[in-house]
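Q: This is the structure I have questions about; it appears just below.
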Amino acid sequence: MIRVKKSRGVRYRSDVFGGVVYVPERDDFFAIDRELAPFAAALSDKWVEVHAPEEKLYRAFASLGICETDPKTKQIAYSGPSFLGRFIELPTVTDPLVLNCFCTSHCPLMCRYCHADDLMQSYREGESEQDLDNVIATASMIPAMVAVITGGDPLSAPERANSLIRRLSKQKAIVIDTSGVGDIDRLLPAIVETFAHVRVSLDAASDENARVRPANPKYSKDKDASRVGAAKTIKTCLENGVPVTVQTVISSHNENLDELRNLRDLISTWGVKNWVLHVAIRGGLARQVEDQADKQTRKRGILPSSGVYGLVEKLIADTERQNIQLDIRCTDTNQTPNSVLLVGSTGDLFTEGLAHHGKVPLYKAGEGRPDLVRSLWHHVDRFGHAKRYFNWNPWMGNGKNLEGLCFPIPKATQVPSVSGATVETEAKFPVKDGKALRELLEVEGFAVACEEKQRDEYYDREDKAFSSLDFVIRLRDTENDSVIGLKGPRFYTESGEYSRVELEFQTRSREASIESLSSKELSPYWFFEKRRTTYRRSRDEAIVCLDEIPLLGEFIEVEGELKQIRDIRTKFGECIGDPERRNYGELFKDHMVNMGSEPSEIKGAEFGPTE
Ligand code: SF4
């Protein structure tokens, strides 16, 4: 037996392929397959005992910094793709993982490849506090797990950076993206308090760094400011227990194994554990340099050669061979520039253009239409987004497929339940033999907990925006009360059960609820009556609802954990039919259409006076 708890600041989010974990200490995302995801979701901030079948699994998680174990598991350096378990293909993510938030348009450097130049020049004059509010407001509307506070350089505007760190850390993990030139001490208290990760740019240990990342004389007279500043910031952060990544842009200036090895050895001596290599792309100032170079007879461009990926592979292999404890990630957005989301320093939202040179505006903060923040979402490449942050590159692994490159995690035999009061898992079955079913319910320890007639009214906007996405907004009336129910889309298992997020609220008054729904432009579009007998038993949380439906007869809905539902289904198999995927409304409408009714005439289902 060992004890486990979530590592500090680790965030988990479920997704259709399983889930995503973000580990702030390593600034790493991991995609987790469906079978393993419940184990990541079950981690908490408190120590919990786990036993033999799960011990190896949690030790593997701990080796990547996802959790801690007692006795301790040592973390390992890992430079492969961030997929845990089994993935046969690269997944896309439902919501963004990372949102870059511009803190300021000022920067002490003039990097030759600067990718942010088009967002800086025109905004430098007149940065205001009000703009910062817009940055926060836009960031709040984007459900990313991590906010990268960038620029320009956050160290050039420490007041703004402090404000962003403290305000955004309430909703997202924080990464500071800096050249290191400036006074990191002014941000340290906020960084330490929020367990932010600091990424510092350094392209070479040699003088080549100053050639590709020269100082802007308006901000610094020191020609070597970028190297000196980066070194100072990295060391200060490490001395204060702040996790650090060094980020290096591979350009024609440093595309050289010896140059990169020297840099690796230097940062490794300082104690850096994470290194990100960005392959320079034809964007921002690099595009201008390349356009000019195209006109030269002896081309002196900035982009690396096509052999750059082979070079990175050699560098990773050499690092692993020497057992240097450094995670190396490599990003290359040349083919997927529109996979990165950026909030400009005035709160506007952009992505990098693919079919377009420069940044593409997706949302303008000053136009008074916050409802449109995601209206141009379809221009963002979610596949490229996942590829970038899960560190997957097609050149990795000598032609091995993704399945062969996933990080292996020993599977446990027992999958923990993550169902809670806000997740409903159930299955619906037609009743074939009501008498036998009632007898079986008694044999299985179920007793009647409640009998009532329910009348449900379903609400939506006129364009059916919610029901078309399988969302449900329902007002349920029984003899004693009214309840508002909000349900998310259904997720089906292979054997026909489904889960969905469900929230229910007692209403203070039915009339006030209808008024409130109406003020949100929600009106009733369908009603439904049923007689429900609810059965419960003391030994577990399983619930069986026996429903009588107008014209259709009886059905049962079984709620509980998947295992309980499947167990009940096996035991009741003789008295019930196959699982029914349609909801009662769909069943009733299909029945009425089969009986010759026009779909537009079917407004709801209710019992007749004699039923
Ligand atoms: S550090 Fe270099 S790349 Fe980053 S914003 Fe400043 S000039 Fe651009």
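Numbering (our numbering), first residue to last: 23 to 633. Backbone N, C-alpha and C fix where the C-beta goes; we use that ideal spot for every residue, glycine too. Remember, predicted model here, so these are calculated numbers, not experimental data.
By Cβ distance below 6 Å, which residues in the same chain neighbour V395 in space, the five residues on each side in sequence not counted?
A: For V395, where only same-chain residues beyond five positions count, the Cβ hits under 6 Å are M163, Y385.
Q: For G442, does the count of other Cβ atoms within 10 angstroms reach 16, so buried, or fall short, so exposed?
A: At G442 the pLDDT is 48, less than 50, meaning the model places this residue with poor confidence; the figure from the coordinates comes in the next sentence. Burial call: exposed.
Q: From the DSSP secondary-structure annotation, give me the bridge partner or partners of E581.
A: Bridge partners of E581: E448, I565.
Q: With which residues is L573 paired in a DSSP beta bridge?
A: Paired residues: none, contrary to the question.
Q: Mind checking F405: buried by the 16 CB within 10 Å criterion, or exposed?
A: Answer is exposed; the Cβ neighbour count stays below 16.
Q: Alpha carbon to alpha carbon, what distance is there between A161 and I88?
A: If you take the alpha carbons of I88 and A161, they lie about 25 Å apart.
Q: May I ask you to report which of helix, strand or coil DSSP gives E77?
A: If DSSP states are grouped into helix, strand and coil, E77 belongs with the helices.
Q: By DSSP's criteria, I36 is part of a beta bridge. Which residues make up the other side?
A: Just to set this straight, residue 36 is Ser in the shown sequence, not Ile. The partner list for S36 (beta bridge, DSSP) reads G41.
Q: What three-state label does DSSP hand E608 in the structure shown?
A: Three-state result, E608: helix.
Q: Kindly indicate which three-state DSSP category C259 falls into: helix, strand or coil?
A: Helix.
Q: Mapping DSSP to helix, strand and coil, what is I171?
A: Note: I171 maps to strand in three-state DSSP.
Q: Buried or exposed for H73, going by 16 or more other Cβ atoms inside 10 Å?
A: Per the 10 Å Cβ criterion, exposed.
Q: Within 7 Å: the Cβ of H275 and any heavy atom of the ligand SF4?
A: Answer for H275: no, Cβ out of range of the ligand SF4.
Q: Consult DSSP for E342 and reduce its assignment to one of helix, strand or coil.
A: Note: E342 maps to helix in three-state DSSP.
Q: Could you tell me which uninterrupted alpha helix (DSSP H) segments, each at least 4 residues in length, are contained entirely in the stretch 254-339, listed from first to last along the chain?
A: With a minimum length of 4 residues, the continuous alpha helix (DSSP H) runs that stay inside the stretch 254-339 are 279-292, 306-316.
Q: Could you tell me whether the Cβ atoms of I408 and V170 are closer together than 8 Å?
A: This sequence places Ala at residue 408; Ile is not what is there. Cβ atoms of A408 and V170: not closer than 8 Å.
Q: Is the stretch 126-133 close to the stretch 229-239, with three or more CB pairs under 8 Å?
A: Enough Cβ pairs lie closer than 8 Å, so yes.
Q: DSSP on F412, reduced to helix/strand/coil?
A: Here F412 sits in coil by DSSP.
Q: Specify the secondary structure class of F527 as computed by DSSP and reduced to three states.
A: If DSSP states are grouped into helix, strand and coil, F527 belongs with the strands.
Q: Check whether the stretch 261-276 and the stretch 301-311 touch, using three or more Cβ-Cβ pairs below 8 Å as the test.
A: Short answer: they touch.
Q: So Y480 packs on V470, CB below 8 Å; how close in whole Å?
A: Contact flag wrong, Cβ pair sits at about 27 Å.
Q: For the structure I just gave you, are there three or more beta carbon pairs, one from the stretch 586-602 and one from the stretch 483-502, closer than 8 Å?
A: No, they do not touch.
Q: Can you tell me whether DSSP reads R512 as helix, strand or coil?
A: R512 falls in the coil class under three-state DSSP.
Q: Excluding the five sequence neighbours on either side, which residues of its own chain have a C-beta within less than 6 Å of the C-beta of F429, listed in chain order?
A: Cβ neighbours of F429 beyond the five flanking positions: L106.
Q: Using a threshold of 8 Å, state whether the C-beta atoms of F217 and R522 are closer than that.
A: Contact: no.
Q: Quick one: what's P546 bridged to in DSSP?
A: DSSP lists Y481 as partners of P546.
Q: Hey, how far is the Cα of K94 from the Cα of V43?
A: Approximately 20 Å between the Cα atoms of the pair.
Q: By Cβ distance below 6 Å, which residues in the same chain neighbour V440 in space, the five residues on each side in sequence not counted?
A: Bear in mind that a pLDDT of 46 at V440, under 50, signals an unreliable position, so the number given afterwards is only what the model happens to contain. Contacts found: P60, A63.
Q: Does DSSP classify R351 as helix, strand or coil?
A: In this structure, R351 counts as strand in the three-state DSSP scheme.
Q: Looking only at DSSP bridge pairs, what is A53 linked to?
A: Per DSSP, V42, F105.
Q: For R25, which residues of its own chain have a beta-carbon under 6 Å away from its beta-carbon, when the five flanking residues on both sides are left out?
A: Once the five neighbours on either side are set aside, the close Cβ partners of R25 are W69, E71, D92.
Q: Are the beta-carbon atoms belonging to D2 and P359 less than 8 Å from one another?
A: Given a span of 23 to 633 for the chain in the structure shown, any question on residue 2 remains unanswerable.
Q: Return the chain-ordered list of same chain residues with a C-beta closer than 7 Å to the C-beta of A82, the five sequence neighbours on each side being excluded.
A: Excluding positions up to five away in sequence, the list reads I431, P432.
Q: Which same chain residues, not among the five before or five after D569, have their C-beta less than 6 Å away from its C-beta?
A: Same-chain partners within the cutoff: K552, R554, F577.
Q: Go to P211, then tell me how far its alpha helix (DSSP H) extends in each direction, as first and last residue.
A: Segment 210-216, the alpha helix (DSSP H) holding P211.
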